[in-house]
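Below, the structure written as structure tokens:
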């Protein structure tokens, strides 16, 4: 007889399992560290490559624009242009000479598709293309042409057009006495930029963008089909890897195809353009994936050998244990299983998965499903043989699905519902297949979670809301104002604020009482909600002082809203009060360099001026000017 202690066999099996698991985990960890190191190295190299390509493209683009500007500047030395701008007309022969000279200039810069001569009245008096219509950008250049600034001798902007778009340059023209007589404009079409960026290597799935100062796309490589490039939104960085005055390196999804890329964005000299070179992680991490596809089969082969050796060792131990404990394991009976079902604190069901009928159910299950209680005189092995009416458990059984501790809302036979943690496991296939279902009622916990969620929502609303007027409070208004100013600084959008308070409110409180004063505050808040948009932020920032934040709103539009509010309050009547409610306020808009304190200071000053001017008036920055 083998006298080996059972503990020795169990300890040996445990040590073998832990040793095999430790070996596989260590080799897998080493493989993961190696792949992660390779990935970081490739990411660093890709960042350097993107930075170098963006610098090269920015220099090329800046050089091309500068060269085009020099060519436009040289047109000031052509006598025919001087004569044309002074007299307004040219003889046919002289005009032919001027055409030839402009064509010679265009040959020096083939990327210039058109050169036009414009007089001081912003009328095109000569064009290198006779059939071209006057472009719509002359109004913008006209304002620049008549701006008194001797330092601004040239100007650059972008035309967003699918057919005739590109970079437009302008240069002022002077006569021999230094008098302004007109300007020369030139158009660099998208093709020049496409030719420049197509010479750079950014991988199979890379992307190159040229953006203007509003972050609109001037051009993209590879070219897009369908919508114009400028119709897409700007890049939205998800993670900024490095940021210095010269460039920014960040991860972002492409606005065109949504692919994640590593971008390097750089300013194009002194011109209002930026270039963004994006390298696809799919390209520069290909080596890591190839390395992983080679290393993983090796690790799987090692794992297979280790598991085979472990299986052989455990098989020997298991055979030894089975010889010692076989008889004890076989002695388990069906009555003991039924006893377990009846004594556990869970609702347990034994169901035939083929007929979807209940064979056995313990007491908690009978109580939960409304089944008849067990008759003490009934035989222990007597089956219920009742249909299971319990969704979605019934559906799981029909579709052959298993579940493990899954939170579900159960629908009982009487259409009532309750929440439970359900598990479904199929037992061994024999002459009578069975499935064990365990249910734990969590309806009470779900109710508490719902109550807690509602309480949290109420607390969150109370933290930002004035309890009397149900408007936002001062703290929330300050936070929103700070965020809106940050948005304006980033995107150059418009925004306005209005600060006002009720005229003679203290006298009103002293005359009619504080309850009447509260009614007035509530009425003003209601009128404010009715006259503003859902996107406007209405807040009570003091006793009788209010503030309105108007996102994406011009100053004159905000002034109109405040005028509507005055009219609404004029038609508002209050019980037992004869006088009308008026207010005084100030409206100001965002300006570059503003912060919340500056904007509030301007609005408060306008409010003070409105009080001094007799009240019942709303002043704005335009009226002050």
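Residue numbers (the UniProt record's numbering): 1 to 625.
Backbone N, C-alpha and C fix where the C-beta goes; we use that ideal spot for every residue, glycine too.
The model shown is predicted, which means the values in this text are computed figures rather than measured ones.
Check: For residue 105, which of 147, 185, 47 and 257 has the nearest alpha-carbon?; Outcome: 185
Check: What is the residue span of the alpha helix (DSSP H) that residue 237 lies within?; Outcome: Counting along the chain, residue 237 falls outside any alpha helix (DSSP H), and DSSP gives it neither H nor E.
Check: Let me confirm a value: residue 330 is counted as buried when at least 16 other C-beta atoms fall within 10 Å, else exposed. Which label applies?; Outcome: Confidence is the limiting factor: at residue 330 the pLDDT is only 47, short of 50, which leaves the residue's position unreliable, though a coordinate-based value still follows. Exposed, because fewer than 16 other Cβ atoms sit within 10 Å of the Cβ of residue 330.
Check: Under 8 Å, do residue 277 and residue 263 count as touching if we go by C-beta distance?; Outcome: yes
Check: Compute the Euclidean distance between the alpha carbons of residue 57 and residue 402, then round it to the nearest angstrom.; Outcome: 59 Å
Check: Can you list, in chain order, the residues of its chain with a C-beta nearer than 8 Å to that of residue 391? Leave out the 5 residues immediately preceding and following it.; Outcome: 410 and 411
Check: Between which residues of its own chain and residue 260 is the CB-CB distance below 7 Å, once the five residues before and five after are set aside?; Outcome: 251, 253 and 281
Check: Can you tell me where the alpha helix (DSSP H) with residue 97 in it begins and where it stops?; Outcome: 92 to 108
Check: Count the C-beta pairs between the stretch 171 to 189 and the stretch 289 to 301 that are closer than 8 Å, then say yes if the count reaches three, no if not.; Outcome: no
Check: What is the residue span of the beta strand (DSSP E) that residue 399 lies within?; Outcome: No beta strand (DSSP E) contains residue 399, which is instead part of the alpha helix (DSSP H) from 393 to 399.
Check: For the stretch 559 to 571 against the stretch 454 to 468, do three or more pairs of beta-carbon atoms, one drawn from each stretch, fall closer than 8 Å, so that the two count as touching?; Outcome: no
Check: Give the DSSP-derived three-state secondary structure of residue 478 in the structure shown.; Outcome: helix
Check: Considering residue 596, what are the terminal residues of the alpha helix (DSSP H) in which it resides?; Outcome: 596 to 612
Check: State buried or exposed for residue 469, treating a residue as buried only when at least 16 other CB atoms are found within 10 Å of its CB.; Outcome: buried
Check: Give a yes or no on contact between the stretch 489 to 497 and the stretch 590 to 600, applying the rule of three or more CB pairs nearer than 8 Å.; Outcome: yes
Check: Is the beta carbon of residue 303 less than 8 Å from the beta carbon of residue 24?; Outcome: yes
Check: Just the Cα atoms here: how many angstroms apart are residue 436 and residue 368?; Outcome: 16 Å
Check: Smallest Cα separation from residue 187: which of 206, 159, 207 and 211?; Outcome: 159
Check: Between residue 170 and the rest of its own chain, which residues show a CB-CB distance below 6 Å, the 5 nearest in sequence each way excluded?; Outcome: 141, 155, 183 and 185
Check: Below 8 Å between beta carbons: does that hold for residue 358 and residue 317?; Outcome: no
Check: So who's on the other strand from residue 584, going by DSSP bridges?; Outcome: 501
Check: Which runs of the alpha helix (DSSP H) spanning at least 4 residues fall entirely within the stretch 500 to 552, listed in chain order?; Outcome: 505 to 512 and 514 to 531
Check: So, helix, strand or coil for residue 318, using DSSP?; Outcome: helix
Check: Just reading off the alpha helix (DSSP H) that residue 455 is part of, what are its end residues?; Outcome: 443 to 464
Check: Excluding sequence positions up to five away, which residues of its chain have a Cβ less than 7 Å from the Cβ of residue 67?; Outcome: 109
Check: Look at the alpha carbon of residue 236 and the alpha carbon of residue 213, and state the distance between them as a whole number of angstroms.; Outcome: 15 Å
Check: Could you check the C-alpha separation between residue 346 and residue 404 for me, to the nearest Å?; Outcome: 14 Å
Check: Considering just the uninterrupted stretch of the beta strand (DSSP E) at residue 207, what are its terminal residues?; Outcome: 207 to 212
Check: Under a Cβ-count criterion, where at least 16 other Cβ atoms within 10 Å of its own Cβ denotes burial, should residue 26 be classed as buried or exposed?; Outcome: exposed
Check: Going by Cα to Cα distance, which pick from 406, 568, 179 and 371 is closest to residue 85?; Outcome: 179
Check: Measuring CA to CA, which of 120, 323, 616 and 464 is closest to residue 147?; Outcome: 120
Check: Mapping the DSSP letters down to three states, classify residue 15 as helix, strand or coil.; Outcome: helix
Check: Answer with buried or exposed for residue 449, where buried requires no fewer than 16 other C-beta atoms within 10 angstroms of its C-beta.; Outcome: exposed
Check: Which of the three DSSP states is assigned to residue 268 in this structure?; Outcome: coil
Check: Smallest Cα separation from residue 585: which of 557, 503 and 516?; Outcome: 503
Check: Are residue 284 and residue 46 touching if we call contact CB-CB under 8 Å?; Outcome: yes
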